[in-house]
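168 is the number that the working numbering gives to position 152 of the sequence shown; each next residue is one higher, with no gaps.
Note that the Cβ used here is the ideal one computed from N, Cα and C, for glycine as well.
Each remark here refers to the structure printed beneath this line.
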Amino acid sequence: MSSEPTLNVILFQPEIPQNTGNIGRTCVSLNAKLWIVRPTGFRIDEKQVQRAGLDYWQHLNWQAVDSWQHMLPYIDESRLWLFTKFGTTNYSSVKYQRGDWLLFGSETSGLPQTLRSHYESHCVSLPMIGPVRSLNLSVSVGIGMYEAYRQIAG
């Protein structure tokens with residue numbers, strides 16, 4: 017397995033520890049790095065996070081930063097994809113590359129409008145044809161990650 021992450025997954029101010037734990041487990045499965053932008057709605061060392069991550073949490077490559085401003089020096093903004101229901105590009109239309117950055121908002125607020133506006137051409141969405149406002153965060157991350165990985169693995 018490469019020491020460089022296949023993907024970088026950023027959770028912007030996540031609120032539900034079980035979602036973060038599930039996402040961490042998915043990151044381990046695809047050799048992706050998980051980035052967590054604070055504040056969070058929980059303590060990262062809470063049992064719910066690690067329980068959802070099962071015994072894989074110890075294998076997770078992750079890092080937490082205190083704010084979006086602290087995140088920026090790490091990111092290749094040209095390879096940043098914002099997953100939002102306001103995106104005008106279908107997530108599967110993007111040409112993902114190894115090392116891309118996939119950004120997901122919090123469970124109740126999504127991504128702030130300021131980020132969506134700043135990176136407007138990099139906003140992608142998952143199709144939802146039923147009367148649903150949003151998908152579960154860990155489901156959305158899984159869908160996005162596996163599409164990116166499908167393209168990268170060829």
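DSSP state of residue 130 mapped onto helix, strand, coil = helix
Which full runs of the alpha helix (DSSP H) of 4+ residues lie inside the stretch 56-110, going along the chain?
-> 63-68 and 84-87
CA nearest to the CA of residue 95, picked from 71, 143 and 118 | 118
What is the DSSP secondary structure of residue 35, reduced to helix, strand or coil?
-> helix
The alpha helix (DSSP H) spanning residue 159 covers which residue range?
-> 153-169
Endpoints, beta strand (DSSP E) assigned at residue 141 = 139-141
Per the contact definition of three or more C-beta pairs closer than 8 Å, is the stretch 96-105 in contact with the stretch 70-79?
-> no
Cα-Cα separation, residue 135 to residue 38 = 27 Å
Please name the residue in 43, 24, 122 and 155 whose C-alpha comes closest to that of residue 143.
-> 155
Can you name the start and end residues of the beta strand (DSSP E) that residue 26 belongs to?
-> 24-28
For residue 44, which three-state DSSP category applies?
-> helix
Residue 148 - containing beta strand (DSSP E), residue span | Where residue 148 is concerned, there is no enclosing beta strand (DSSP E), given that its DSSP letter is neither H nor E.
Inter-residue Cα distance where the pair is residue 17 and residue 47 | Reliability of the predicted coordinates at residue 17 is poor, the pLDDT of 48 falling under 50, and no value is obtained from them.
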